[in-house]
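Working notes, beginning with the structure itself.
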Ligand SMILES: C[S@@+](CC[C@H](N)C(=O)[O-])C[C@H]1O[C@@H](n2cnc3c(N)ncnc32)[C@H](O)[C@@H]1O
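Residue numbers (full-length UniProt numbering): 1 to 338.
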């Protein structure tokens, strides 16, 4: 038996903070592998332990209560900020001590978009990429990696590189800003792979991506350009110490997951800035309802992400064309170069 006080949200929060400061990972390979296994086998339910080892059972089939609006099962990853910020009205942490959980959503429908249409957009944008200042800087920066740094990378895993098939026929170029960024970010992956191949004596580099938004026609297209799309959480499981991770404004805390699972050989991802304490903000919605907005981004920098970044040499990426946002290259420091 436990006293009410021992199970209170506040007590759980204190325990979470203590375990986190002692180094207990929020995200583990064992939980992700088990979850992946259940999804792969089409199991009906999965049990996921939370940060304090409590068991939670989730449906892996869309439950009746949301069958009208949902058609897909998603994994929700809760970073340390989500687990340790009390909701102002309710005096509790929204998701308790659950680091990983199952939620349900709806998949974007790509009506009238075919692989051929995506390819045509890709070819058009490839011309712009090849001639751009950004591509020039990008290539120069990556070519500046030492032979030892380049040899240490045998695969690339991209996260959240965006919806390649989300073409906007109403926009002037018929592609639209979301797909333009997404196509360019995938092209950058191929550019890195090409340079790695040249510099590593013709050794081919495998390219993987994980972004649920590309399910269907987007993934079919990516396959034709040599990129293998992986379902969540397989991308995380694919990362090893010889991987270059590329992650750009993800809707999930990719940096916190990777910091717990595996330090890669290198990363190109959102610049790690010292975390600052933020407060919940109130927002009045269009219908007049007032709601609280969680103050952190979807991929916040935690103390653990900062500690990880310290192990890497850093080179800010110069994105003159604004296709990527504020990114930095991180290359593992300890390798002795030939
Ligand atoms: C803000 S968008 C960024 C897209 C693109 N990188 C850009 O800069 O325009 C966030 C992306 O995260 C993706 N995402 C959501 N959940 C994800 C997951 N579990 N793994 C990888 N990507 C995910 C979304 O589908 C979406 O493409």
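For each residue, glycine too, the CB sits at the ideal point set by N, CA and C.
Between which two residues does the alpha helix (DSSP H) carrying residue 136 extend? 133–143
Through-space distance from residue 180 to residue 172, alpha-carbon basis: 12 Å
Whose C-alpha, out of 305, 312, 274 and 62, is nearest the C-alpha of residue 23? Answer by Cα proximity: 305.
Return yes when at least one heavy atom of ligand 1 lies under 7 Å from the C-beta of residue 185, else no. yes
Specify whether the segment 73–80 and the segment 253–271 touch according to this definition: at least 3 beta carbon pairs, one from each stretch, less than 8 Å apart. yes
Local conformation of residue 333 per DSSP, three classes: coil
Of all the beta strand (DSSP E) runs that stay within the bounds of the segment 159–214, which reach a length of 3 or more residues? Listed in chain order, the beta strand (DSSP E) elements of length 3 or more contained wholly in the segment 159–214 are 206–210.
Straight-line Cα distance separating residue 93 from residue 72: 25 Å
In or out: residue 50 buried (at least 16 other Cβ within 10 Å) or exposed? Classification of residue 50: buried, given that the 10 Å Cβ count is 16 or more.
Determine the DSSP secondary structure at residue 247, reduced to helix, strand or coil. strand
Counting Cβ pairs closer than 8 Å, one from the segment 219–238 and one from the segment 33–51, do we hit at least three? yes
Beta-carbon spacing of residue 213, residue 177 below 8 Å: No, the Cβ-Cβ distance between residue 213 and residue 177 is not below 8 Å.
Which value, in whole angstroms, describes the spacing of the CA atoms of residue 127 and residue 119? Roughly 13 Å separates the two Cα atoms.
Residue 98 classed as buried or exposed, judged by whether at least 16 other C-beta atoms fall within 10 angstroms: buried
To the nearest whole angstrom, what separates the beta carbons of residue 248 and residue 207, a pair I think is in contact under 8 Å? With 8 Å as the limit, residue 248 and residue 207 do not qualify as a contact, their Cβ atoms being about 15 Å apart.
If you follow the beta strand (DSSP E) that residue 220 is in, where does it begin and where does it stop? Residue 220 -> not in any beta strand (DSSP E); alpha helix (DSSP H) instead, spanning 217–224.
Can you grab the Cα-Cα spacing for the pair residue 302 / residue 261, in whole Å? 15 Å
When DSSP labels each residue in this structure, what does residue 72 get in the three-state scheme? strand
What number of angstroms, rounded off, separates the C-alpha of residue 343 from the C-alpha of residue 70? In the structure as shown, the chain begins at 1 and stops at 338. Residue 343 is therefore absent and cannot be evaluated.
Is the distance from the Cβ of residue 101 to the Cβ of residue 56 below 8 Å? yes
Roughly how many whole angstroms lie between the Cα atoms of residue 331 and residue 294? 32 Å
Spatial neighbours of residue 15 in its chain, beta-carbon cut-off 7 Å, leaving aside the 5 residues before and after: Same-chain partners within the cutoff: 52.
Determine the DSSP secondary structure at residue 296, reduced to helix, strand or coil. Coil.
Could you tell me if residue 285 is buried or exposed, where buried requires 16 or more neighbouring beta carbons within 10 angstroms of its beta carbon? exposed
Would you mind stating whether residue 153 and residue 266 have Cβ atoms separated by less than 8 Å? yes
Residue burial classification, residue 229 (beta-carbon count within 10 angstroms, cutoff 16): Per the 10 Å Cβ criterion, buried.
Report the residue from 313, 324 and 269 whose alpha carbon sits nearest the alpha carbon of residue 300. Nearest option by C-alpha distance: 269.
Distance between residue 312 and residue 333 (C-alpha atoms, nearest Å): 5 Å
C-alpha gap between residue 175 and residue 168, whole angstroms: Each residue's Cα considered, the two are about 5 Å apart.
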